[in-house]
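UniProt numbering puts the first residue of the sequence shown at 1, with every later residue one more than the last. Since the structure comes first, as structure tokens, the remarks are kept for the end.
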Amino acid sequence: MRETNVSASAYAKHYNATWKQLMKKQGRFPPEEYGDRSVLTTWTMSYEQARRQSEEAACLLKLWGFLDSGEMWYGLVAAGSGLAEEMEVPGWLAKMAGDELEF
Numbered sequence: 001m002r003e004t005n006v007s008a009s010a011y012a013k014h015y016n017a018t019w020k021q022l023m024k025k026q027g028r029f030p031p032e033e034y035g036d037r038s039v040l041t042t043w044t045m046s047y048e049q050a051r052r053q054s055e056e057a058a059c060l061l062k063l064w065g066f067l068d069s070g071e072m073w074y075g076l077v078a079a080g081s082g083l084a085e086e087m088e089v090p091g092w093l094a095k096m097a098g099d100e101l102e103f
């Protein structure tokens, strides 16, 4: 909330709207039956904020979602820039691989 300068009431309103949207997309649990919603909703809000700031960072977060956090380091990502000659590398990965500070 501090980073985006959002009030507590605005955050709560956005939180509830995000949660309802997630439940509608998921289509499995009616809102009143899904009690523990905080982690999913908070994660989604944080992800969307990161995506608005950097599409590349959002793509990297999706990739990290499939990997153990200890398995991801800059050298691994940088090796992706060498793959561009042999195969199609997504633009967001090439951008991250080309600059350690961007990573």
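A virtual CB, placed ideally from N, CA and C, is assigned to each residue, including glycine.
Same chain, Cβ closer than 7 Å to residue i, five either side skipped, listed in chain order
| i | result |
| --- | --- |
| residue 14 | 45 |
| residue 78 | 97 |
Which of helix, strand or coil DSSP assigns to residue i
| i | result |
| --- | --- |
| residue 92 | helix |
| residue 67 | coil |
| residue 80 | helix |
| residue 16 | helix |
Pick from the options that is closest to residue i, judged by C-alpha positions
| i | options | result |
| --- | --- | --- |
| residue 57 | 66, 5, 103 | 103 |
| residue 95 | 66, 86, 60 | 60 |
For residue j and residue i, believed in contact at Cβ under 8 Å, the rounded distance
| i | j | result |
| --- | --- | --- |
| residue 80 | residue 63 | The Cβ separation is near 10 Å, so there is no contact. |
| residue 22 | residue 40 | 6 Å |
Beta-carbon contacts of residue i that lie in its chain and below 6 Å, excluding the five residues immediately before and after
| i | result |
| --- | --- |
| residue 17 | none |
Neighbourhood of residue i by C-beta, 8 Å cutoff - its chain only, sequence neighbours within 5 removed
| i | result |
| --- | --- |
| residue 47 | 58, 61 |
The stretch 63-81 in contact with the stretch 41-54 per 3-pair CB rule at 8 Å: no
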